[in-house]
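Peer 1:
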Amino acid sequence: MTDRTPRVLFICQHNAGRSQLGAALLEHLAGDRFTAASAGLAPADEVNPAVAATVAELGIDITDRTPRAVTPDDLDAADIVVLMKPGLALPSTPRGEVLEWSFPNPESWDADAVRPLREAVSNKIRETLLVRSTTTGTTTTKPSVLFVCVHNAGRSQMAAGFLREVAGDRIEVRSAGSMPADQINPIAVEAMSELGIDITAEQPKVLTTEAVQASDVVITMGCGDACPFFPGKRYEDWELDDPAGQGIDSVRPIRDDIRRRIEALAGELLA
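In the working numbering, each residue's number is its place in the sequence shown (first place is 1) plus 12.
(1) Short of 8 angstroms in beta carbon distance, which residues of its chain neighbour residue 47, apart from the five on each side in sequence? Order them along the chain.
(2) With residue 281 as the anchor, note down where its alpha helix (DSSP H) starts and where it stops.
(3) Classify residue 45 as buried or exposed, calling it buried when 16 or more other Cβ atoms lie within 10 Å of its own Cβ.
(4) Smallest Cα separation from residue 162: which of 261, 55 and 255?
(5) With contact counted as at least three CB pairs below 8 angstroms, one residue from each stretch, are the stretch 238-247 and the stretch 195-213 in contact?
(6) Can you give me the start and stop residues for the alpha helix (DSSP H) that residue 33 sits inside?
(7) Which term fits residue 180, buried or exposed, when burial requires 16 or more other beta carbons within 10 angstroms of its beta carbon?
(8) Suppose only complete runs of 4+ residues qualify. What are the alpha helix (DSSP H) ranges in the stretch 156-218, listed by chain order?
(9) According to DSSP, which residues form a beta bridge with residue 112?
(10) Suppose you measure from the CA of residue 167 to the CA of residue 29; what does that come to, to the nearest Å?
(11) From the DSSP output, read off the bridge partner residues of residue 50.
(12) Rounded to whole angstroms, what is the Cα-Cα separation between residue 248 and residue 187?
(13) Any idea which residues DSSP pairs residue 248 with across the strands?
(14) Classify residue 78: buried if its beta carbon has 16 or more other beta carbons within 10 angstroms, exposed otherwise.
(15) Verify whether the separation of the beta carbon atoms of residue 154 and residue 202 is less than 8 angstroms.
(16) If distances are taken between C-alpha atoms only, which option among 75, 157, 102 and 106 comes closest to residue 282?
(17) Using beta-carbon positions only, say whether residue 87 and residue 102 come within less than 8 angstroms of one another.
And the structure:
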């Protein structure tokens, strides 16, 4: 591999379930350390809705992705080809490394059945792909931060918005909630817009084990007990008032407190 971002191609039979799941999870867990793609030998008409539903729980939307056939050009462009079923007959010889993983076909499964598969694929990605990216020096690792509050509608969204504004693409930023709301707090949106930061496109996401494991720093805001603990990660709990149900005059001081904390955090991580 070269110093450029490695490209990983996930392949299964129909490019509707396993390979779509693998590509989506690699994007979620690795950020820009890898480029992920997927394809199939006999593509289906649409992505498996149960697979789409389970990755949506992580804040990943794959509903607009269309299954497609793998081509020789795909195999030539990929640094790593992951076969989600061993022994798949490819249209040409891949240029890069080939990994054969064995996962069942979720074609007729519901979301409850797909979740354990999602966990298994996530673990395989961490054990096989993410480990090499941090130990072999094939990519440049940047710090990653996860902000967690109860509803992922106010405090954690404002914190994530500030860190993206301050750090740009130098820090990987995530946010989640232990009990996510249906939509982001409009007063939080208004407060951030006063400073020229637009968070209207963000959606509350549920806190997952994968998000915690993929992050170097985990900042909780009133829900620390709900956050899984993993050794080697930096955990902080920020005591901040909850902006839920409060007007703009009450939310501004919360926003400004978050901004001060973010500026200090970014200074530490980017030093």
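Every residue gets a Cβ at the ideal spot worked out from N, C-alpha and C, and that includes glycine.
Please read these numbers as outputs of a predicted model, since none were measured by experiment.
Peer 2: Judging by the given coordinates:
(1) Mapped onto the sequence shown, residue 47 falls at position 35. Counting only residues of its own chain and dropping the five nearest sequence neighbours on each side, residue 47 has a CB closer than 8 angstroms to the CB of 17, 18, 19 and 20.
(2) By one-based count along the sequence shown, residue 281 stands at place 269. 260-281 is the extent of the alpha helix (DSSP H) around residue 281.
(3) Translated into the one-based positions of the sequence shown, residue 45 becomes position 33. Result: buried.
(4) Numbered from its first residue, the sequence shown carries residue 162 at position 150. Put simply, of 261, 55 and 255 the residue whose alpha carbon is nearest the alpha carbon of residue 162 is 255.
(5) The stretch 238-247 is not in contact with the stretch 195-213.
(6) Within the sequence shown, residue 33 is the residue found at index 21, counting from 1. Start and end: 30-42.
(7) Here residue 180 is taken as the residue at index 168 of the sequence shown, counted from 1. Residue 180 is exposed by the Cβ-count criterion.
(8) Correct list: 167-179 and 198-205.
(9) Taking the sequence shown and counting its residues from 1, the one referred to as residue 112 is at position 100. Answer is 95.
(10) On the sequence shown, residue 167 is found 155 positions in, with the first residue counted as 1. On the sequence shown, residue 29 is found 17 positions in, with the first residue counted as 1. Roughly 34 angstroms between the two C-alpha positions.
(11) Numbered from its first residue, the sequence shown carries residue 50 at position 38. Its beta-bridge partners are 22.
(12) Position 236 of the sequence shown, counted from the start, is the residue given in the question as residue 248. Position 175 of the sequence shown, counted from the start, is the residue given in the question as residue 187. C-alpha separation (whole angstroms): 14 angstroms.
(13) For this step, residue 248 is matched to residue 236 along the sequence shown. 231.
(14) Here residue 78 refers to the residue found at position 66 of the sequence shown. Classification of residue 78: exposed, given that the 10 Å Cβ count is below 16.
(15) Taking the first residue of the sequence shown as 1, we reach residue 154 at position 142. Taking the first residue of the sequence shown as 1, we reach residue 202 at position 190. Against a cut-off of 8 angstroms, the Cβ pair of residue 202 and residue 154 comes out as no contact.
(16) Within the sequence shown, the letter at position 270 stands for residue 282. Closest by C-alpha distance to residue 282, out of 75, 157, 102 and 106, is 157.
(17) Numbered from 1 along the sequence shown, position 75 holds the residue referred to as residue 87. Numbered from 1 along the sequence shown, position 90 holds the residue referred to as residue 102. With respect to residue 102, residue 87 sits close: the two C-beta atoms are nearer than 8 angstroms.
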